[in-house]
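Read the structure below first, then the notes.
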Amino acid sequence: MTEDRHILYEALLHRDERYDGKLFFAVTTTGIYCRPICPAPKPKPQNVLYFASAEDAQTAGFRACKRCRPETRPGSPAWEGSKTTVVRALRLMATGDAPETLAELADKLGVTDRHLRRLFATHGEESPVKKAQENRLSLARVLLATSDAPIADVAFSAGYKSLRRFNEAFKAAEGISPTAWRNSQSNNDKDPGHDSP
């Protein structure tokens, strides 16, 4: 049993995701139970009890941790924790009407811009600002290639607040203006490259 407890404690120390949802630990000194991936400081081994389910920990009189939310259903937004905020941010940024600044985006998500940057770094994403810029440019390319809409309409539809900012961002990314890029795309469509047999 000592060896088993040592293995379980190692899982807590290393925040081993393989045990998440299969192992819960409670701290006798605080009366709180957690998931093994909880970011809270780890307790001393002698203060830890192990449970196979959240229900068992609750039945034993422990209350759920507010950071890792062990009482929630696996796979739910609450279970996913901070990853859910990143997913929501990415979803918002994929729309043309996403907030323009990082501060506005963070405010819409209910976090600070500093915390949002930290969450993106934690979950292996590019910075929110860079990701939003890539999304806007990607949408602009699609609109330029598939419609005859004026460049200003493309810029605003892609989420840019000014034509000047759009032109600067597009030229920085593509090396040419949006108009020249659109013309090059339509020239490529007209040139089949070779005759059909």
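Per our numbering: the sequence shown = residues 359 to 555.
Think of the CB as a built atom: it goes at the ideal place given N, C-alpha and C, for glycine as much as any other residue.
Element boundaries [beta strand (DSSP E), containing residue i]
| i | result |
| --- | --- |
| Ala-498 | Here Ala-498 belongs to no beta strand (DSSP E); instead the alpha helix (DSSP H) covers 486-504. |
| Cys-392 | 390-392 |
Beta-bridge pairing of residue i - partner residues as DSSP gives them
| i | result |
| --- | --- |
| Val-406 | Val-385 |
| Asp-378 | Leu-381 |
| Ala-452 | None, per the DSSP bridge assignment. |
Same chain, Cβ closer than 6 Å to residue i, neighbours up to 5 away in sequence not counted
| i | result |
| --- | --- |
| Pro-403 | Tyr-367 |
| Ala-422 | Pro-428, Glu-429 |
| Leu-407 | Ala-384 |
| His-364 | none |
| Ala-513 | Leu-521, Phe-524 |
| Tyr-518 | Phe-524 |
| Phe-305 | The first residue shown for the chain is 359 and the last is 555, placing residue 305 beyond what the model contains. |
| Pro-401 | Val-385 |
Limits of the unbroken alpha helix (DSSP H) element including residue i
| i | result |
| --- | --- |
| Tyr-367 | 360-371 |
| Ile-509 | 509-515 |
| Lys-424 | Unbroken run through Lys-424: none, as it is neither H nor E. |
| Thr-480 | 471-480 |
| Thr-417 | 412-417 |
| Lys-330 | The requested residue 330 does not occur in the structure, where the chain is confined to residues 359 to 555. |
| Lys-466 | 460-467 |
Residues near residue i in its chain [Cβ-Cβ closer than 8 Å; skip 5 each side]
| i | result |
| --- | --- |
| Phe-478 | Val-444, Ala-447, Glu-484, Ser-485, Pro-486, Lys-489 |
| Thr-470 | Ala-464 |
| Ser-505 | Val-512 |
| Ser-554 | With a pLDDT of only 41 at Ser-554, under the threshold of 50, the placement of this residue in the model should not be trusted; the figure read from the coordinates follows. Same-chain partners within the cutoff: there are none. |
Close beta carbons around residue i, own chain, < 7 Å, minus the five adjacent residues each side
| i | result |
| --- | --- |
| Cys-396 | Cys-423, Arg-425, Cys-426 |
| Arg-373 | Pro-394, Ile-395 |
| Tyr-377 | Ala-369, Pro-394 |
Pick from the options that is closest to residue i, judged by C-alpha positions
| i | options | result |
| --- | --- | --- |
| Leu-450 | Arg-494, Ala-510, Ala-418 | Arg-494 |
| Ser-496 | Trp-539, His-473, Arg-476 | Trp-539 |
| Glu-394 | Thr-388, Ala-415, Gly-468, Phe-382 | Strictly speaking, residue 394 in this sequence is Pro, with Glu absent from that position. Comparing Cα positions, the closest option is Phe-382. |
| Ala-412 | Ala-398, Pro-399, Gln-491, Cys-392 | Cys-392 |
| Val-500 | Gly-482, Pro-536, Tyr-377 | Pro-536 |
| Gly-556 | Arg-431, Ile-390, His-473, Leu-474 | A question about residue 556 goes unanswered here, because the residues of the chain that appear run from 359 up to 555. |
| Asn-541 | Ala-452, Thr-480, Ala-503 | Ala-503 |
| Pro-399 | Gly-419, Leu-370, Phe-420 | Leu-370 |
| Ile-390 | Glu-375, Phe-420, Arg-376, Asn-405 | Phe-420 |
| Thr-442 | Gly-533, Ala-531, Ser-505, Thr-480 | Thr-480 |
| Gln-491 | Ser-544, Thr-459, Tyr-377, Asn-545 | Thr-459 |
Nearest-angstrom beta carbon gap, residue j and residue i [assumed within contact, 8 Å]
| i | j | result |
| --- | --- | --- |
| Phe-528 | Ala-507 | Going by Cβ atoms, the distance from Phe-528 to Ala-507 rounds to 15 Å, so no, they are not a contact pair. |
| Asn-405 | Thr-387 | 5 Å |
Below-8 Å beta-carbon distance, residue i vs any chain D residue
| i | result |
| --- | --- |
| Val-469 | As a matter of chain content, chain D is missing from the structure shown, which is built from one protein chain. |
Residue i beta carbon near the ligand SAM (any heavy atom closer than 7 Å)
| i | result |
| --- | --- |
| Glu-484 | Summarising the ligand content, the structure contains no ligands, and the ligand SAM is consequently not present. |
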